[in-house]
Amino acid sequence: MEDLKKVVDDLLEQLAQARDVPADAEPSQIIISSLDQMRFLVGLEERLDAMLDVGDVLPFDLSDREALLKSVHELLVESGVTP
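Residue numbering for the sequence shown follows this note's numbering, beginning at 36 and increasing consecutively.
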């Protein structure tokens, strides 16, 4: 899970730079639109070299970094990427 945390943190930092907000800002201040969520999803897929199975609504919990990490982990499990 530590590697996943680094991937999530790196993606948040990259998106924060693009939005011109501090890299340590809460996810909800960095990922503020559905387009940002898609960018985050594509970034995850690229870094993890995996196709993630998402439905109509992106499943990211943006309330804080721990919640985001947990929702990403759950998505990986549901997609069969992580046991």
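Beta carbons are placed, not taken as given, at the ideal position from N, Cα and C, and that holds for glycine.
Treat the numbers as computed from the prediction; the structure is a model and nothing was measured.
{"Check": "Enumerate in chain order the residues of its own chain whose CB-to-CB distance from Lys40 is below 7 Å, with the five nearest sequence positions on each side excluded.", "Outcome": "Leu104"}
{"Check": "Note down, in chain order, each residue of its chain lying with its Cβ closer than 8 Å to the Cβ of Asp99, except the 5 sequence neighbours on either side.", "Outcome": "Glu61 and Pro62"}
{"Check": "Does the distance from the C-beta atom of Val145 to that of Val92 stay below 8 Å?", "Outcome": "This structure does not reach residue 145, given that the chain is present from 36 up to 118, and the question cannot be answered."}
{"Check": "Whose CA, out of Gly90, Phe95, Asp96 and Leu83, lies closest to the CA of Val116?", "Outcome": "Leu83"}
{"Check": "Taking Cβ positions, are Gly113 and Asp96 nearer each other than 8 Å?", "Outcome": "Correcting the residue identity first, residue 113 is Glu in this sequence and not Gly. No, they are not a contact pair."}
{"Check": "Just the Cα atoms here: how many angstroms apart are Ala85 and Arg54?", "Outcome": "26 Å"}
{"Check": "Buried or exposed, going by whether 16 or more other CB atoms sit within 10 Å of the CB of Leu46?", "Outcome": "buried"}
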